[in-house]
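Enquirer: Position one of the sequence shown corresponds to residue 1 (this note's numbering), numbered consecutively onward. Idealized CB from N, CA, C, for every residue including glycine. Bear in mind the structure is a predicted one, so any value in this text is a computation, not a measurement. Following this message is one structure expressed as structure tokens.
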Amino acid sequence: MSMDKIEAKHLENYFKITQEALEKAKATPENLDMENAREDFLKMVESYIADAKHFEKEKKIVDAFAAINYAHGWLDAGARIGLWDVDDNRLFTRDAKTAAKKEE
Numbered sequence: 001m002s003m004d005k006i007e008a009k010h011l012e013n014y015f016k017i018t019q020e021a022l023e024k025a026k027a028t029p030e031n032l033d034m035e036n037a038r039e040d041f042l043k044m045v046e047s048y049i050a051d052a053k054h055f056e057k058e059k060k061i062v063d064a065f066a067a068i069n070y071a072h073g074w075l076d077a078g079a080r081i082g083l084w085d086v087d088d089n090r091l092f093t094r095d096a097k098t099a100a101k102k103e104e
């Protein structure tokens, strides 16, 4: 595989893995510790940003792009479930303004 190209077989594999993960994720624990969740989310974001920078230095552009998108996905997910107060729909798919409008 070229490091600057995503092939159909890789996309197919990620669809399969993501669907399997979704099915497992549907079994949610009864008690969630939101403060620990917040810390975990932020650690994941920071780790994926570091990975993206590493891949970029190694000229693994596709991997860098994937890692930075994972980082942003964690940020969006955290915003969506209310782990942080955000007010910028340019940066997040769900911000405080969007949430307020939906609750009206």
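1) Compute the distance between the beta-carbons of L75 and F92, then report whether it is under 8 angstroms.
2) Under the assumption that I68 contacts D4 (Cβ atoms under 8 angstroms), give the Cβ distance between them as a whole number of angstroms.
3) Quick check on A64: does DSSP put it in helix, strand or coil?
4) Compute the beta-carbon to beta-carbon distance between M34 and L83, rounded to the nearest angstrom, for a pair I have assumed lies under 8 angstroms.
5) Assign A71 to buried or exposed, taking buried as 16 or more other Cβ atoms, counted over all protein chains shown, within 10 Å of its Cβ.
Expert: Let me lay it out:
1) Between L75 and F92, the gap from beta carbon to beta carbon is short of 8 angstroms.
2) About 15 angstroms separates the two Cβ atoms, so there is no contact after all.
3) Of the three classes helix, strand and coil, the one that applies to A64 here is helix, per DSSP.
4) Contact holds; Cβ gap of about 7 angstroms.
5) buried
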